[in-house]
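**Q** Questions regarding the structure given below will be posed in turn.
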Amino acid sequence: MALKYKDLMMTYSTAIADKSPLYSSIALHMAGDKDMREILRPYMTVSHFIPLFMTATLACLYKNDHALRQYYLNFTVEPAELDSAGYDCFRDFVRLHLHEILTLVRTGDLKKNIVERSSVLIPIFHYIREKSSEEHFNVIELGSKAGLLLNYDWYGYTFNKEQKVGYTEDINIKMKIKGYPDDELISLEHPRYKYGISEDVIRLEDETDYIWMLSQFYPEEMKRRKNLIKARAIFLQHPVELLQGNELELLEETLSLLPDDEPVIIFHVHHTKNWTDEKKAALLEIIHRNAEKKEIFHIHHQLFGADIFIDYMNSGILRREKLLNLDLDKMRIEWLLGQPIKL
């Protein structure tokens, strides 16, 4: 390891102090805990061990009642401060459930299912409706995991505190949007077909998968956790077909099954950052080839940077436009259409 156990804990504690005072305090206590160091050090070769360990511990706490719950906002509205007695409680819980925690560390991932990301689809899909003569679209998401973004059409949104769109009585995602006429945003038609494609699918019907999703959020991320709970209830009422396997192969197969006379929107948000250039090129080639037979709009993020782009064919020529930037921490969308593209 490049850093020693204590240094890793101290670095993590400092890095998340603003986002999670609880996890920061736990890590600070762990930094000076020699017994915990001896227990955990053999397993710390796992990438991102500390956040995985915190997530796994919380997942176990959801399943096992313990006095430790009094320190987590997941279980109480007024959590106790984690002092030395609180840390002793944490140590006791970890020792009781160490095998289960370490198993989850080895098998879990840290890709959060953030429902609020779906808000970017509302202005984008309105823009696509202006570009196409059709109002109905079929939709495919790459890297969908649990498929929550695909139910964008069943969610409610409030833009700039005033403009309400969709089913705000079921879930109300509040977002600021700059540079877009928010008064033009209205509810969208429900797609005829929706498909989510992932190498690893999360099944919301499975309680273990669902608890892991909840546990990926910091205890202090109450709003995101509440929206996830609401989105799960909506998903169980309006399930989406989720396909697991090689994403590029499944994309090719799914496109071949969809009607040629109905437009298709393919989107992926916060998914392709770590793809190789070869894989990115293969994705674009599949879409370009299929765009010769059907109208396709490709909404992509992290193929060419942090902004969200759209690709589509116009008179046989590929058009690429920069659409927006999403700041999830500030819950803000900045509409960027017309700005120059720098790849």
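For the sequence shown, the UniProt record's numbering gives the first residue as 1, with consecutive numbering after it.
C-beta atoms are modelled at their ideal positions from N, C-alpha and C, and glycine is treated no differently.
(1) Taking Cβ to Cβ, would you say D307 is nearer than 8 Å to L324?
(2) By the 10 Å Cβ neighbour count, where 16 or more other Cβ atoms means buried, how is H300 classified, buried or exposed?
(3) If contact is defined by three or more beta carbon pairs under 8 Å, each pair taking one atom from either stretch, is the stretch 185-200 in contact with the stretch 86-101?
(4) Does the separation of the CB atoms of K19 and Y218 fall below 8 Å?
(5) Give the DSSP bridge partners of D327, in chain order.
(6) What does the Cβ neighbour count give for M36, buried or exposed, with the cut at 16 atoms within 10 Å?
(7) Starting from L142, trace the beta strand (DSSP E) both ways and give me its first and last residue.
(8) Determine whether the beta carbon atoms of I186 and K230 lie at a separation below 8 Å.
(9) Nearest CA to the CA of L255: which residue from H29, L22, Y155, E295?
(10) Please classify R41: is it buried, with 16 or more other beta-carbons within 10 angstroms of its beta-carbon, or exposed?
(11) What does the alpha-carbon distance come out to for the pair K4 and M10?
(12) Run through DSSP, which three-state label would H126 get?
(13) Using only the alpha-carbon positions, how far apart do residue 379 and G338 sit?
(14) Going by DSSP in three states, E321 sits in which element: helix, strand or coil?
(15) Taking the CB atoms as reference points, tell me whether F125 and L188 lie closer together than 8 Å.
(16) Hey, how far is the Cα of H99 from the Cα of E241?
(17) Tell me the rounded alpha-carbon separation between A2 and H48.
(18) Which residues does DSSP pair with E241 in a beta bridge?
(19) In chain order, which continuous runs of the alpha helix (DSSP H) of length 4 or greater are located wholly inside the stretch 30-69?
(20) Figure out for me which residue from L248, P263, L257 has the closest Cα to the Cα of residue 362.
(21) Opposite F267 in the DSSP bridges: which residues?
(22) Can you tell me whether G143 is buried or exposed, with buried defined as 16 or more other CB within 10 angstroms of its CB?
(23) According to DSSP, is K112 part of a helix, a strand, or is it coil?
(24) Using 8 Å as the Cβ pair cut-off and three pairs as the minimum, do the stretch 143-155 and the stretch 174-185 touch?
(25) Between L204 and the rest of its own chain, which residues show a CB-CB distance below 6 Å, the 5 nearest in sequence each way excluded?
(26) Hey, T55 and S315 are a contact pair by Cβ (cut 8 Å); roughly how many whole angstroms apart?
(27) Helix or strand or just coil, what does DSSP make of N274?
**A** In terms of the structure at hand:
(1) yes
(2) buried
(3) no
(4) yes
(5) R332
(6) buried
(7) 138-142
(8) no
(9) E295
(10) exposed
(11) 10 Å
(12) helix
(13) Within the shown structure, residues of the chain are numbered from 1 to 343, placing residue 379 beyond reach of any answer.
(14) strand
(15) yes
(16) 34 Å
(17) Here the model assigns A2 a pLDDT of 49, short of 50, so the residue's position is not dependable, and the following value carries that caveat. Using only the alpha carbons, I get a separation of about 13 Å.
(18) Y195
(19) 34-40, 49-63
(20) Outside the shown range of the chain (1 to 343) lies residue 362, about which nothing can therefore be said.
(21) E141, I299
(22) buried
(23) coil
(24) no
(25) A146, Y210, R232, F235
(26) T55 to S315, Cβ: 49 Å. No contact.
(27) coil
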